[in-house]
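Residue numbers (our numbering): 1 to 310. We put the beta carbon where it would ideally sit given N, CA and C, even for glycine. Below: the structure, in C-alpha cells.
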Amino acid sequence: MIGNVAASRYHELVASSLRQVEVHCAAQWALGDAALEIEPMREWGGHLRVPEDGQSVEEALRFFAEDVGLSVSTVRTYRWVAAKWPAERRVAGVSWEVHKILASAEDPFEVIAHPPLNERTGCRSWDGDAAKRVVGWKTSVPVTVDEKVEAVADLVRDEAVACRVVVDLLKRREVALVAMRGGDARYMVNEIQFEQADEDDDLDEEFRDVLAHEREDDGDGERFDDPAAIVRGWHKQMEFADLMAICQGFIAGAARLVPKPRGHEFSERQHAQVGSTLEKLRATADWIETAVATGRTGLDEALAQLLRGR
Numbered sequence: 001m002i003g004n005v006a007a008s009r010y011h012e013l014v015a016s017s018l019r020q021v022e023v024h025c026a027a028q029w030a031l032g033d034a035a036l037e038i039e040p041m042r043e044w045g046g047h048l049r050v051p052e053d054g055q056s057v058e059e060a061l062r063f064f065a066e067d068v069g070l071s072v073s074t075v076r077t078y079r080w081v082a083a084k085w086p087a088e089r090r091v092a093g094v095s096w097e098v099h100k101i102l103a104s105a106e107d108p109f110e111v112i113a114h115p116p117l118n119e120r121t122g123c124r125s126w127d128g129d130a131a132k133r134v135v136g137w138k139t140s141v142p143v144t145v146d147e148k149v150e151a152v153a154d155l156v157r158d159e160a161v162a163c164r165v166v167v168d169l170l171k172r173r174e175v176a177l178v179a180m181r182g183g184d185a186r187y188m189v190n191e192i193q194f195e196q197a198d199e200d201d202d203l204d205e206e207f208r209d210v211l212a213h214e215r216e217d218d219g220d221g222e223r224f225d226d227p228a229a230i231v232r233g234w235h236k237q238m239e240f241a242d243l244m245a246i247c248q249g250f251i252a253g254a255a256r257l258v259p260k261p262r263g264h265e266f267s268e269r270q271h272a273q274v275g276s277t278l279e280k281l282r283a284t285a286d287w288i289e290t291a292v293a294t295g296r297t298g299l300d301e302a303l304a305q306l307l308r309g310r
C-alpha cells in the first residue's frame, strides 16, 4: 500500500498524473509565449517611451490577463520564464516549475542537463526541491543537515520557544558535549555562570534576611518547616551533585586523554596554551575549595578576569 491505495493503483495514478502535468506545463509555456509575443522583454533600463495613443507594458499584460482569466502577476511570471527559456532550450519531461526555479541558476542550460540522483527512486531526475537546492532556495521538505538546521532556526525565533528547545536538547549528553566543544557556546555559558553566581549571592542574602524575620515573628516556639526552604535545600543538593559530577568528569577525562600523546613533542605555542589553561584550572580548584570551606561563592575581579581569559 502507498497511502490508501495499492501499489499498482498508485503507479496508474502517477502515469495519469504525469500526462496531466505535461498538458499543464504545455499550457504554461503557451501562455508565456503569448504574453512574450504581445510584449517582448526589454533590456534592463531600456523602458521605451509610450506613445500618447499607445499602451504601457503593464497595461497590455493586464488586458491579456483579464481576457484569459488570470492574474497579472501570473501572466508576468509566465512571460518571464518563457523569455528565460527559449523553445529550443526547454527540456522535455522536466516540469515548468523546475524550469522557473533553475532560471535563477548561474548557467541554467548547463545545470538542467545534469539532474541529481533521487535516492528514493535510484534515478536521476528533477523535482521542485532538487531545483531549489541547486539555486540555494529554502526547500519545502528539509533533507540535508543544513536544511534541517535552517528550518529549526526559523521555528525557534521566538525566545520562549528557543529556551524550551535548548533546555530539552541539552539533556542529551552528545548534544551537550558538542555544544561545550564550541568556543563561542562555552564562553557564553561561562559568562552566564559568572552573572548567575553574583545573582545567587544576592538572593541567598535576601532569603536569609526573610527567614530570620519570620522566625522572630514566630513566638510560639513551634517548628516551622518552610516549603520554600525545603525546596531550596533540594536545589542545593542538586547543585552539589552537579559540582561533584563536573569534578569527577574532569578527572575521568584527564585519566583517559593524558596518556594518549605519549612521545609527542609539543610546540612552544601548545606549551603556552596548556600552561594558561592549567593556571585557570588551579584557580578554579582553589575557588571550589574556598566556596565549600567558607560558603562564599563570589568571584573576585582578578579571578573572574582570569577565568574569562583576560
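Output the boundary residues of the alpha helix (DSSP H) element that contains residue i.
i	result
I101	96-102
G128	128-135
A92	Taken as a continuous stretch (DSSP letters only), A92 belongs to no alpha helix (DSSP H), as it is neither H nor E.
P86	Careful: P86 lies outside any alpha helix (DSSP H) and carries neither H nor E.
I288	268-294
A153	145-155
V57	57-68
E110	108-111
Quick one: grab the DSSP three-state call for residue i.
i	result
R335	A question about residue 335 goes unanswered here, because the residues of the chain that appear run from 1 up to 310.
R42	coil
L170	coil
I246	helix
V5	strand
R124	strand
L117	strand
T297	coil
H24	helix
E262	The sequence given here has Arg at residue 262, not Glu. Reduced to three states, the DSSP call for R262 is coil.
V81	helix
S73	helix
D184	helix
D158	coil
P227	Low local confidence applies: a pLDDT of 49 at P227 is under 50, so the model's placement there is unreliable, with the coordinate-based value given in what follows. Of the three classes helix, strand and coil, the one that applies to P227 here is helix, per DSSP.
T165	The question names Thr, but residue 165 is Val in the sequence shown. Helix at V165.
Below 8 Å on the Cβ atoms is my guess for residue i versus residue j; work out the distance and round it to an integer in Å.
i	j	result
L170	A160	16 Å between Cβ atoms; not a contact.
E119	K138	Wrong, their Cβ atoms sit about 20 Å apart, outside the cutoff.
I38	A60	6 Å
V156	V143	Not confirmed; about 20 Å, so no contact.
V135	S104	5 Å
For residue i, which option in the options has the closest C-alpha, if you only look at C-alpha atoms?
i	options	result
A83	L36, S125, E239	L36
P115	W126, A105, F109	W126
P108	G295, V91, E58	V91
V284	L303, A26, S17, P40	One detail in the question is off: residue 284 reads as Thr in this sequence, not Val. The option with the nearest alpha carbon to T284 is L303.
L281	E301, F266, A254, A176	A254
Cβ pair count under 8 Å reaching 3, the segment 95-107 against the segment 59-75: Using a C-beta cut-off of 8 Å, the segment 95-107 makes no contact with the segment 59-75, since fewer than three inter-stretch Cβ pairs fall below that distance.
Given 8 Å, three or more beta-carbon pairs between the segment 25-40 and the segment 74-93: Segments in contact, yes.
Contact between the segment 123-138 and the segment 99-107 (3+ Cβ pairs under 8 Å): Here the segment 123-138 makes contact with the segment 99-107; the two share three or more CB pairs at distances below 8 Å.
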